[in-house]
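First up is the structure itself, then whatever we jot down about it.
There are 2 protein chains.
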Amino acid sequence: MEHFDDPRLTAMGLLSEAFSGVEAKLAPALSEEGLSVVDFDALIRLARSPGRRLRMSDLAAQTSLSTSGITRVVDRLERSGLVERVACATDRRTSYAAITGEGVERLARVVPRHLDDIDRWFTGLLSPEQLDVFLAALRKIRDAVRPCATAGAAGAGRTEHDGPAESSGDAH
Amino acid sequence: MEHFDDPRLTAMGLLSEAFSGVEAKLAPALSEEGLSVVDFDALIRLARSPGRRLRMSDLAAQTSLSTSGITRVVDRLERSGLVERVACATDRRTSYAAITGEGVERLARVVPRHLDDIDRWFTGLLSPEQLDVFLAALRKIRDAVRPCATAGAAGAGRTEHDGPAESSGDAH
DNA sequence: CCCAATTAGTTGACACGGGGATTATTTCGC
DNA sequence: GCGAAATAATCCCCGTGTCAACTAATTGGG
Numbered sequence: 001m002e003h004f005d006d007p008r009l010t011a012m013g014l015l016s017e018a019f020s021g022v023e024a025k026l027a028p029a030l031s032e033e034g035l036s037v038v039d040f041d042a043l044i045r046l047a048r049s050p051g052r053r054l055r056m057s058d059l060a061a062q063t064s065l066s067t068s069g070i071t072r073v074v075d076r077l078e079r080s081g082l083v084e085r086v087a088c089a090t091d092r093r094t095s096y097a098a099i100t101g102e103g104v105e106r107l108a109r110v111v112p113r114h115l116d117d118i119d120r121w122f123t124g125l126l127s128p129e130q131l132d133v134f135l136a137a138l139r140k141i142r143d144a145v146r147p148c149a150t151a152g153a154a155g156a157g158r159t160e161h162d163g164p165a166e167s168s169g170d171a172h
Numbered sequence: 001m002e003h004f005d006d007p008r009l010t011a012m013g014l015l016s017e018a019f020s021g022v023e024a025k026l027a028p029a030l031s032e033e034g035l036s037v038v039d040f041d042a043l044i045r046l047a048r049s050p051g052r053r054l055r056m057s058d059l060a061a062q063t064s065l066s067t068s069g070i071t072r073v074v075d076r077l078e079r080s081g082l083v084e085r086v087a088c089a090t091d092r093r094t095s096y097a098a099i100t101g102e103g104v105e106r107l108a109r110v111v112p113r114h115l116d117d118i119d120r121w122f123t124g125l126l127s128p129e130q131l132d133v134f135l136a137a138l139r140k141i142r143d144a145v146r147p148c149a150t151a152g153a154a155g156a157g158r159t160e161h162d163g164p165a166e167s168s169g170d171a172h
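Written out as structure tokens, the structure is:
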């Protein structure tokens, strides 16, 4: 008599299980290089940003952490020497988080295995056509649900295309 | 010159952003009824389980929390009167978490709005065909990545079909 | 039978992240 | 220009979840 088995619940459960499951598969490889999933996410977003740096708030928006959360993440990464804070010349309130050379090296060391893992546990499981539809769907959802996850990626000259900075946000 | 913009990274970023974004959209409605996302997940899995109860470890496996994590969740839910611990007659080590009448009522009060939200921010954004492919892909990934998220759902008489208990796990 | 190994659940210490208050700086209305 | 409002980042407090250690109960090999 209860309606606790609605297909929408099933869909949501599937999404949640798939995501957290994949993430759990990816974590160990990162962890071996001393990075958490969050660390990696922050680092790679910095590495792909113009000037290899982002304002704290923009990094927060991109990683969907709170600004206080990102303060702590950058604290840790700075302590490890992978990131440094850089003062902004024109606005003394803001500081940039900039990935260091060491940070880039660390990324370079982790990425190959990480890509491999993503392929093994996610993209490689789907046929190319299936993957296309899947990603289009994700993009549709992402755009609906995170209108402003793009902070800091834009700036002069950014055009409307699916370029390198895609996952850190399309211009909108 | 750096390869930090691989399509696999993009795909993973998309998955992560979409999921966490959707979850963020769902949380407020649950929160209004005093439930966190985790609380809701635990309650609904109990509600759909045979006898409306699960062993602590099985609930942990289904929710992908650690057993110690589930201890605390059930502590909270029990304090709120939505769940109760029931001793197992045949094995004095195990205890069941059983959803109470009050718990079911609470669920019933939240679910309609919750389903609405899922539809608004997820399933409703996709065309029926797109949704089909999307869910099939999720299922494929989920099965690869969480071979044993099924604990407690099986038992005698469960057949291989996409029935009500789907998201809490297929027999495998 | 009985002791070692396994299994279920809880507990303590800790790391992590969110929310709100706080400080410093900038912007804007007037 | 100046004071009020907005914005950037940080800090404190707290809830949440993990890992490791622990307790209790069960199972299995000799």
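Protein chains in written order, with the UniProt record's numbering: chain A, 1 to 172; chain B, 1 to 172. Even for Gly, the Cβ is constructed at its ideal location relative to N, Cα and C.
Paired residues, beta bridge with residue i - DSSP
i, result
"residue 83(A)", "99(A)"
"residue 54(B)", "97(B)"
Sequence-distant residues of the same chain with beta carbon closer than 8 Å to residue i, five excluded per side
i, result
"residue 38(B)", "63, 65, 73"
"residue 27(B)", "36, 37"
"residue 103(A)", "43, 46, 47, 77, 81, 82, 83"
"residue 122(A)", "22"
"residue 126(A)", "134"
"residue 120(A)", "25"
"residue 144(B)", "none"
Coil, strand or helix - residue i by DSSP
i, result
"residue 106(A)", "helix"
"residue 10(B)", "helix"
"residue 116(A)", "helix"
"residue 63(A)", "helix"
"residue 71(A)", "helix"
"residue 139(B)", "helix"
"residue 156(A)", "Caution is warranted here: a pLDDT of 38 is assigned to residue 156(A), below 50, making its placement in the model unreliable, and the coordinate value is therefore given only provisionally. Residue 156(A) falls in the coil class under three-state DSSP."
"residue 122(A)", "coil"
"residue 49(B)", "coil"
"residue 146(B)", "coil"
"residue 187(B)", "The question about residue 187(B) has no answer here: the residues shown for chain B are numbered 1 through 172."
"residue 92(B)", "coil"
"residue 31(B)", "helix"
"residue 127(A)", "coil"
"residue 151(A)", "coil"
"residue 4(A)", "coil"
Closer than 8 Å at the beta carbon, the chain B residues around residue i
i, result
"residue 118(A)", "8, 9, 11, 12"
"residue 133(A)", "130, 133, 134, 137"
"residue 115(A)", "6, 8, 9"
7 Å Cβ cut-off: residues of chain B touching residue i
i, result
"residue 90(A)", "Going along chain B, no residue has its Cβ under 7 Å from residue 90(A), so there is no contact; the nearest lies around 27 Å."
"residue 151(A)", "Those within 7 Å of residue 151(A) in chain B number zero; the least Cβ separation is about 13 Å."
"residue 107(A)", "4"
"residue 110(A)", "Within chain B, no residue comes near residue 110(A); the closest Cβ sits about 11 Å away, beyond 7 Å."
Beta carbon of residue i nearer than 8 Å to that of residue j
i, j, result
"residue 79(A)", "residue 95(A)", "no"
"residue 44(B)", "residue 19(A)", "no"
"residue 151(B)", "residue 41(B)", "no"
"residue 29(B)", "residue 113(B)", "yes"
"residue 141(A)", "residue 8(B)", "no"
"residue 99(B)", "residue 55(B)", "no"
"residue 139(A)", "residue 14(B)", "yes"
"residue 109(B)", "residue 17(B)", "no"
"residue 75(A)", "residue 115(B)", "no"
Sequence-distant residues of its chain with Cβ nearer than 6 Å to residue i (five each side left out)
i, result
"residue 87(B)", "95"
"residue 60(A)", "67, 70"
"residue 128(B)", "none"
"residue 161(A)", "Residue confidence is low: residue 161(A) scores 33 on pLDDT, short of 50, so the model does not pin down where it sits. Its coordinate-derived value is still stated next. Here the set comprises nothing."
"residue 11(B)", "none"
"residue 31(B)", "none"
Proximal residues of chain B, C-beta to C-beta of residue i below 9 Å
i, result
"residue 77(A)", "Within 9 Å Cβ-Cβ: nothing; residue 77(A) doesn't reach chain B, min ~16 Å."
"residue 208(A)", "Look at the range of chain A in this structure, 1 to 172, and you will see that residue 208(A) is not part of it."
"residue 64(A)", "16, 17, 20, 21, 24"
"residue 73(A)", "Those do not exist, as residue 73(A) stays about 15 Å from chain B at its closest Cβ, beyond 9 Å."
Same chain, Cβ closer than 7 Å to residue i, neighbours up to 5 away in sequence not counted
i, result
"residue 107(B)", "43, 44, 47"
"residue 97(B)", "46, 53, 54, 56, 59, 74, 83, 85"
Beta-carbon neighbours of residue i, restricted to chain A and to distances below 7 Å
i, result
"residue 123(B)", "8, 11"
"residue 146(B)", "17, 21"
"residue 126(B)", "137, 140"
Contacts that residue i makes with chain A (C-beta to C-beta distance below 8 Å)
i, result
"residue 48(B)", "4, 5"
"residue 142(B)", "14, 17, 18, 21"
"residue 44(B)", "4, 9"
Contacts of residue i in chain A (Cβ-Cβ under 9 Å)
i, result
"residue 139(B)", "14, 18"
"residue 82(B)", "Going along chain A, no residue has its Cβ under 9 Å from residue 82(B), so there is no contact; the nearest lies around 14 Å."
Residue i Cβ short of 7 Å to the ligand NAD heavy atom set
i, result
"residue 59(A)", "Of ligands this structure carries none, so the ligand NAD is not represented either."
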